[in-house]
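Worksheet for the structure shown next.
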Amino acid sequence: MNTLIFRTVAPFLTALMILFSVFVLLRGHNEPGGGFIGGLIAASAFAIYGIAYGVAAVRRAIIVHPMSIAGAGLLLAVVSGLVSVFAGVPFMTGLWIYPSLFGVEVPLATVMSFDVGVYLVVVGAITSIALALEEREED
Amino acid sequence: MAAVTSTPVDLSAAFVMAPTVLGDWLVILPPALMITAGALLMMVRHRMHLHVRIAIPALLLLVLVDAALLFKVATQGPVTMMMGRWLPPFGIAFTVDLFGALMNLVAGTVAFAAGIAALKDINDSGRRYGFFPFLMLLMAGVSGAFLTGDIFNLYVWFEVLLISSFGLLILGSEREQIDGAMKYAVLNLIGTTLFLISVGYLYAIFGTLNMADIALKAREIEGAPLMTLSALFILAFSMKAAAFPVNFWLPASYHTPRITVSALFGGLLTKVGIYALMRVMVMLFPLQREELSLVIGLLAALTLIIAALGMLAQDDMRRMAGYAVIVGIGNMLAGIAVGTVAGISGALLYALHSILAMTALYLVIGRAAALTGTFSLTAAGGIYRVAPGFAFASLALFLAVAGLPPFSGLWPKIMLVKASLDIGAWWLAGTILLSGFLTTVALGRIFLLAYWRPQTKAEGRGEAGETLAQDRQTLWPLYGLIAIITLFGLLPEGPLGLSQLAAEGLLQPVSYIQSVFPAGGAQ
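Top line first, the protein sequences correspond to chains A and B.
Here the first sequence is numbered in our numbering, starting from 1 and rising by one per residue.
Here the second sequence is numbered in our numbering, starting from 1001 and rising by one per residue.
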């Protein structure tokens, strides 16, 4: 896949897809979308970048190992469940805070941080698989 | 919560309103702790010096939490926590009774022992492949399966432990391991899929997945195809537990991974299948179990005899241990087939004994192979002369596995034989005794050939063996397990009493149901 067109478009496409994946993740709270599908979109973005520029370029671009991203996501998801110990409610109960940012009320919830955790797990795991498969092909 | 909505909402219609006391968190803590530790280990996967420092304290903490949970359940009865506060039967329940808590504690203990044994047995390449993260996630799956009160959630924990076990099985990616893992994976995926199909069927019949709710409804429902459903569940869980005739994946795969991994698998995985079988057939569908008891009994008898014969026919010690695991499964199935309080508590006690003894058996065999340089009985020899202390410990363990006094295998076997004779199933009692005899012969063969017989060849091995024999530090998880087995054999009152209570709780799940529905029933 070494055509000039693809190599020119790939960075823009990757950036757009990652942006869109975050949009899908945040939208998922009340509408179709969510962490799982968002994570899949982000993982395909990395895969496209990898097809255009090679696996090493992707590994450089995301800095940490994809498995570490998945681990961080899993940790975030469990911690989102565990914070309810301080509120005296059972594991995984949704808790809300309403901080005010520049006069706008922003509702934040453990439901959302859990979903971000799911997003990271999916991004990490699928990217890790995709990169491993592409790497084998080059040998 | 009412900050955005202006209309008052009656939360009690959907939520558990009683505040959660801190002690209830023990119910969810074992899997949550293991997932947290696993996630941390995944994040530091390439910094291997950190693995041991995170994993071993986490496993120790798991044992302490499991012990605290057992104490709480033994003193206060079953404990329930509803995930996300949603009311049962709609929310996912974690309900722990004595049965689950006992299995959970023994499984945690074995995992801790295996974690210590792995310090020497699993080298850097095994750690780079992720032994410790997989171990944590495996234990998350195992403890989640023992503690959940929701049958679909049970399926999810099965998946978690299955996927981690794939990872552990191919640690190192050797040709033989991939071959074993293939058979293991295909057969287990079929079993898990059958389980999922049965859960779907169950949901179509009852419209609920909460076990307490199912237990209530199964006793009242009429005209539902519960026999078909029960037969499906028995087939699915028999596959998981490696009961005859769907057991051939176990001897084909358990001898391929590192010995610590074999020890974990032999101790834990099949017992999760037995746990699920007892939970579903004894607690949820007691009438159908009664109807199918002859089938289960025949399966038990065939499993017992064929596995014992398989054990006699093997030359590789690891394969013999694989058949020893299956013999244990036959004993537990016999208890389930009998179905009285004595039978069920015998099966439970045997499961607890088997978790400890099978892990120890694999560790002993690994050690014996390290001393003689081979797993083959025709080539091994001379252990008694090199390491007499270890030989005595091994003999104690072999007696325990064979069910001879004064070790832990004796009491559950006596209970099972007596329970079968009490209901007039003399053939079942006879099979248990015959299979115990054959197991004794097979284990006696190991002791005779690998321990007593003088070293046959390979002079160099003897010196390597002697230096290994000095290295006592690696042996203490093994000696620890054998000490527990011996104590369990000498002072059986505690475990006997607990297993009796657990079996009564399983046969009459009144307090289990009450812990989920405090008002006394969903309707």
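Ideal Cβ positions, reconstructed from N, Cα and C, are used throughout, including at glycine.
Note down, in chain order, each residue of its chain lying with its Cβ closer than 8 Å to the Cβ of A:Val24, except the 5 sequence neighbours on either side.
By 1-based counting over the first sequence, the position of residue 24 of chain A is 24. Gly33, Gly34, Ile37, Gly38 and Ile41, listed in sequence order.
Contacts that B:Leu1040 makes with chain A (C-beta to C-beta distance below 8 Å):
Here the question's residue 1040 of chain B lines up with position 40 in the second sequence. Result: Gly71 and Leu75.
Proximal residues of chain B, C-beta to C-beta of A:Gly103 below 7 Å:
Looking up residue 103 of chain A in the first sequence gives position 103. Those do not exist, as A:Gly103 stays about 16 Å from chain B at its closest Cβ, beyond 7 Å.
Have a look at B:Val1401 and B:Leu1348 and give me their C-alpha separation to the nearest angstrom.
For the purposes of this step, residue 1401 of chain B is identified with residue 401 of the second sequence, where counting begins at 1. For the purposes of this step, residue 1348 of chain B is identified with residue 348 of the second sequence, where counting begins at 1. B:Val1401 and B:Leu1348: Cα-Cα distance of roughly 16 Å.
Measure the C-alpha to C-alpha separation of B:Ala1224 and B:Ile1214 and round it to an integer number of angstroms.
Against the second sequence, residue 1224 of chain B aligns to sequence position 224. Against the second sequence, residue 1214 of chain B aligns to sequence position 214. Approximately 13 Å between the Cα atoms of the pair.
Over the uninterrupted alpha helix (DSSP H) stretch that includes B:Phe1131, give me the two end residues.
Position 131 of the second sequence, counted from the first residue, corresponds to residue 1131 of chain B. Per DSSP, the continuous alpha helix (DSSP H) segment holding B:Phe1131 begins and ends at Phe1131 to Leu1147.
Buried versus exposed, by CB contacts within 10 Å (16 or more), A:Tyr98:
Against the first sequence, residue 98 of chain A aligns to sequence position 98. So A:Tyr98 ends up on the exposed side.
For the structure I just gave you, are there three or more beta carbon pairs, one from the stretch 1244–1251 of chain B and one from the stretch 1158–1176 of chain B, closer than 8 Å?
no
Whole beta strand (DSSP E) runs in the stretch 1066–1143 of chain B with 3 or more residues, listed along the chain?
1079–1082 and 1093–1096
Could you give the DSSP three-state label for A:Ser100: helix, strand or coil?
Along the first sequence, read from residue 1 onward, the residue named residue 100 of chain A stands at position 100. If DSSP states are grouped into helix, strand and coil, A:Ser100 belongs with the strands.
B:Ser1012 (DSSP reduced to helix, strand or coil):
For this step, residue 1012 of chain B is matched to residue 12 along the second sequence. Note: B:Ser1012 maps to helix in three-state DSSP.
Measuring CB to CB, does A:Pro90 end up less than 8 Å from A:Ser128?
Sequence index remark: in the first sequence, residue 90 of chain A carries index 90 (1-based). Sequence index remark: in the first sequence, residue 128 of chain A carries index 128 (1-based). For A:Pro90 and A:Ser128, no; Cβs fall outside 8 Å.
Classify B:Val1073 as buried or exposed, calling it buried when 16 or more other Cβ atoms lie within 10 Å of its own Cβ.
Taking the second sequence and counting its residues from 1, one reaches residue 1073 of chain B at position 73. Using a 10 angstroms sphere on the CB of B:Val1073, the tally of other CB atoms reaches 16 or more, which defines it as buried.
Which listed residue (B:Phe1488, B:Thr1080, B:Met1320 and B:Gly1330) has its alpha carbon closest to that of B:Phe1407:
Stepping through the second sequence from its first residue, residue 1407 of chain B is reached at position 407. Nearest option by C-alpha distance: B:Phe1488.
N-terminal and C-terminal residue of the alpha helix (DSSP H) that B:Ser1293 is part of
Taking the second sequence and counting its residues from 1, the one referred to as residue 1293 of chain B is at position 293. That run of the alpha helix (DSSP H) goes Ser1293 to Ala1313.
B:Gly1460 at chain A interface by Cβ criterion, 8 Å
Here residue 1460 of chain B is taken as the residue at index 460 of the second sequence, counted from 1. Reliability fails at B:Gly1460, whose pLDDT of 47 lies under 50, so the model's placement of it is uncertain and the value that follows must be treated cautiously. Answer no: the Cβ-Cβ gap between B:Gly1460 and chain A never drops below 8 Å.
Go through its chain and collect everything with a Cβ distance to A:Val58's Cβ below 8 Å, but skip five positions before and after it.
Here the question's residue 58 of chain A lines up with position 58 in the first sequence. Answer for A:Val58: Phe46, Tyr49, Gly50, Thr127 and Leu131, listed in chain order.
So, for B:Gly1077: in the same chain, excluding its five sequence neighbours on each side, which residues have a beta-carbon less than 6 Å away from its beta-carbon?
Taking the first residue of the second sequence as 1, we reach residue 1077 of chain B at position 77. These residues qualify, in order along the chain: Ser1511.
When you compare the CB of A:Gly88 with every CB in chain B, is at least one pair closer than 8 Å?
Against the first sequence, residue 88 of chain A aligns to sequence position 88. Interface residue (Cβ-Cβ distance to chain B less than 8 Å): A:Gly88 is classified as such.
I'd like to know if B:Pro1019 contacts chain A, where contact means its C-beta is closer than 8 Å to some C-beta of that chain.
Along the second sequence, read from residue 1 onward, the residue named residue 1019 of chain B stands at position 19. For B:Pro1019, the answer is yes, since a Cβ of chain A falls inside 8 Å of its Cβ.
For B:Gly1382 versus B:Thr1374, is the C-beta distance shorter than 8 Å?
Within the second sequence, residue 1382 of chain B is the residue found at index 382, counting from 1. Within the second sequence, residue 1374 of chain B is the residue found at index 374, counting from 1. Cβ distance not < 8 Å, so B:Gly1382 and B:Thr1374 don't count as in contact.
Is there a C-beta anywhere in chain B that falls below 8 Å from the one on A:His29?
Here residue 29 of chain A refers to the residue found at position 29 of the first sequence. Closer than 8 Å: no.
Might you give, ordered along the chain, the residues of its own chain that have their beta carbon closer than 7 Å to the beta carbon of B:Leu1187, omitting 5 neighbours on each side?
As a working note, residue 1187 of chain B is residue 187 in the second sequence. The answer, listed in chain order, is Met1239 and Trp1249.
Minimum C-alpha distance to B:Gly1436 - residue among B:Phe1265, B:Lys1120, B:Val1341 and B:Gly1328:
Indexing the second sequence from 1 puts residue 1436 of chain B at position 436. Closest option to B:Gly1436, Cα to Cα, is B:Gly1328.
Look at B:Val1142 and B:Ala1107 and say whether their C-beta atoms are less than 8 Å apart.
Here residue 1142 of chain B refers to the residue found at position 142 of the second sequence. Here residue 1107 of chain B refers to the residue found at position 107 of the second sequence. For B:Val1142 and B:Ala1107, yes; Cβs fall inside 8 Å.
In terms of DSSP beta bridges, what is B:Asp1316 paired with?
The residue labelled residue 1316 of chain B in the question sits at position 316 within the second sequence. For B:Asp1316, which the question treats as bridged, DSSP gives the partners B:Ser1376.
What residue from B:Leu1302, B:Gly1273 and B:Leu1041 has the CA that sits closest to A:Leu75's CA?
For the purposes of this step, residue 75 of chain A is identified with residue 75 of the first sequence, where counting begins at 1. Residue B:Leu1041 is the option with its Cα nearest to A:Leu75.
In DSSP terms, what B:Asp1150 is bridged to
Indexing the second sequence from 1 puts residue 1150 of chain B at position 150. Here B:Asp1150 is bridged, per DSSP, to B:Asn1210.
Counting only beta-carbon separations shorter than 8 Å, does A:Val123 have a partner in chain B?
Stepping through the first sequence from its first residue, residue 123 of chain A is reached at position 123. For A:Val123, the answer is no, since every Cβ of chain B falls outside 8 Å of its Cβ.
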